[in-house]
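Each residue of the sequence shown is one higher than the last, beginning at 1 in the UniProt record's numbering. The beta-carbon is built from N, C-alpha and C at its ideal position, and this holds for glycine as well. Right, one structure below, let's go through it.
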Amino acid sequence: MSSTTIPKIPKPDPTIHHPRILCLHGGGTNAKIMKIQCRALRAKLETSFRLVYVEGPFITHAGPGISGVYEKWGPFRNWMPGAIEPDESLPGVASYSGSSKVDARIIASIDQAIQSAMEEDDRAGGTGPWVGFMGFSRGAQTAASLLLRQQERQKRGLASTSTDFRFALLIAAPAPLLNMNTSSEFQIGSTVQLNIPTVHVYGSRDSMLRDFTHVLYDCCTPTSAQRYDWDADHQIPLKTIDVDAIIQMVMQVARETGAIGEL
C-alpha cells in the first residue's frame with residue numbers, strides 16, 4: 001500500500017489586513033538585516049500592524065558592526081550615496097541655513113524603492129492602509145524627511161499620493177531633516193519643523209551621534225514628538241523593559257492619530 005504525501009497548507013498570515021508600517025533600515029545594512037535587528041519590537045508591533053521592509057536604493061559597503069555578524073548577508077544598501085555613518089553633510093545634499101536640499105535624482109531613487117516595496121506587499125496580499133514608518137539611523141532620517149514632504153504638501157492643499165502616513169517610530173535618527181521636495185510649486189523653508197507625530201528612541205551611549213549638536217528630535221515641534229532614552233550605543237532596542245515602554249508610546253500615538261482603533 002503506497003503512502004500519499006499530503007501537501008502542507010500554509011498558515012494564514014495574521015497581519016494580512018493590519019494597517020501597514022514601512023520599515024527603513026540603517027546605512028550599510030539591508031531590509032533582511034533590519035528584520036532581525038528589530039525582532040523584539042516586531043514581535044509586539046505585529047499584533048496590530050503589518051511591517052513592510054524597504055531596501056535602500058544605493059549599494060554600499062557594510063556599516064559599523066555589520067561586517068562581522070552579517071558578513072554574508074549582502075548586498076548592503078543605503079538611502080544616500082556615499083557616507084554610511086550619520087554625518088551633518090551628505091553627498092548630493094546642498095546644505096543651507098541648517099536644513100538640506102536633496103538632489104532630485106536621489107529623491108526619485110528613494111521614492112521608487114518605497115513604491116516598489118508597497119506594490120510588492122500589495123501583490124503579497126496586504127490590504128491594510130499605509131499608516132506609518134519605522135526607521136533606524138539613516139533610515140529614520142529618511143522617513144522623517146518623507147513625512148515633512150507630506151506635511152508641507154498637505155498644508156498647501158497640493159495633490160499627493162494615496163498614502164496618508166500618521167506617525168513614525170524613529171530610532172537613533174540624526175539631524176537634519178532633508179528637503180525631499182522636487183516640486184517647483186513651493187519650497188520648504190529652512191526653519192520648518194515636523195509636526196506629524198513621532199516617537200524618538202536614542203541610546204545614551206550612542207557613539208555615532210555623540211558629536212552632533214542636534215538630533216532629529218530637535219527638528220520636530222515639542223507637542224508632536226516624544227522621546228525615549230535608553231542605556232545603549234547606536235542600535236535597536238531588544239530588552240523587554242525598553243521594548244515595552246516604546247511600544248506603549250507607539251500604540252498611544254497610533255490610537256490618537258486614528259492609525260488603529262481604540263481598544
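One alpha carbon belongs to Asp103, the other to Met80, and they sit about 10 Å apart. Using a 10 angstroms sphere on the CB of Glu119, the tally of other CB atoms stays under 16, which defines it as exposed.
Ser137 counts as buried, since at least 16 other C-beta atoms from the protein chains shown sit within 10 angstroms of its C-beta.
In terms of Cα proximity to Thr182, the closest of His200, Glu152, Pro176 is Glu152. Look at Gly139 here: in three-state DSSP terms it is helix. Non-local C-beta neighbours of Ile260 in its own chain, meaning closer than 7 Å and more than five positions away in sequence, comprise Pro19, Ser48, Ala254, ordered along the chain. Membership of Thr60 in the beta strand (DSSP E) is indicated by the continuous run 58-60.
Only residues of its own chain outside the window of five on either side were considered, and among them Pro57, Trp79, Thr142 have a CB closer than 7 Å to the CB of Ile110, listed in chain order. Using a C-beta cut-off of 8 Å, the segment 35-54 makes contact with the segment 11-27, since at least three inter-stretch Cβ pairs fall below that distance. Pairing Pro129 with Ser116, the inter-Cα distance amounts to about 16 Å. Spanning the alpha carbons of Ala40 and Leu24 requires a straight line of approximately 16 Å. By DSSP's assignment, Tyr53 forms a beta bridge with Cys23. If you draw a straight line from the Cα of Lys35 to the Cα of Arg105, it comes to about 28 Å. Around the beta carbon of Gly26, 16 or more other beta carbons sit within 10 angstroms, so the residue counts as buried.
Each residue's CA atom was taken as its position, placing Arg227 and Thr257 some 17 Å apart. Spatial neighbours of Gly74 in its own chain (CB-CB distance under 8 Å, excluding positions within 5 residues in sequence) are listed in chain order as Asn30, Ala62.
Here Ser204 really is in contact with Asp231; their C-beta atoms are around 5 Å apart, less than 8 Å. Gly82 and Gln112 have their C-alpha atoms roughly 19 Å apart. Going by DSSP, Gln235 is part of no beta strand (DSSP E) at all; its letter is neither H nor E. As computed with DSSP, Asp229 is found in a beta bridge with Tyr202.
The beta carbons of Tyr217 and Thr240 sit no closer together than 9 Å. In the structure shown, the three-state DSSP call for Ala259 is coil.
Beta bridge pairing from DSSP links Phe76 with Thr60.
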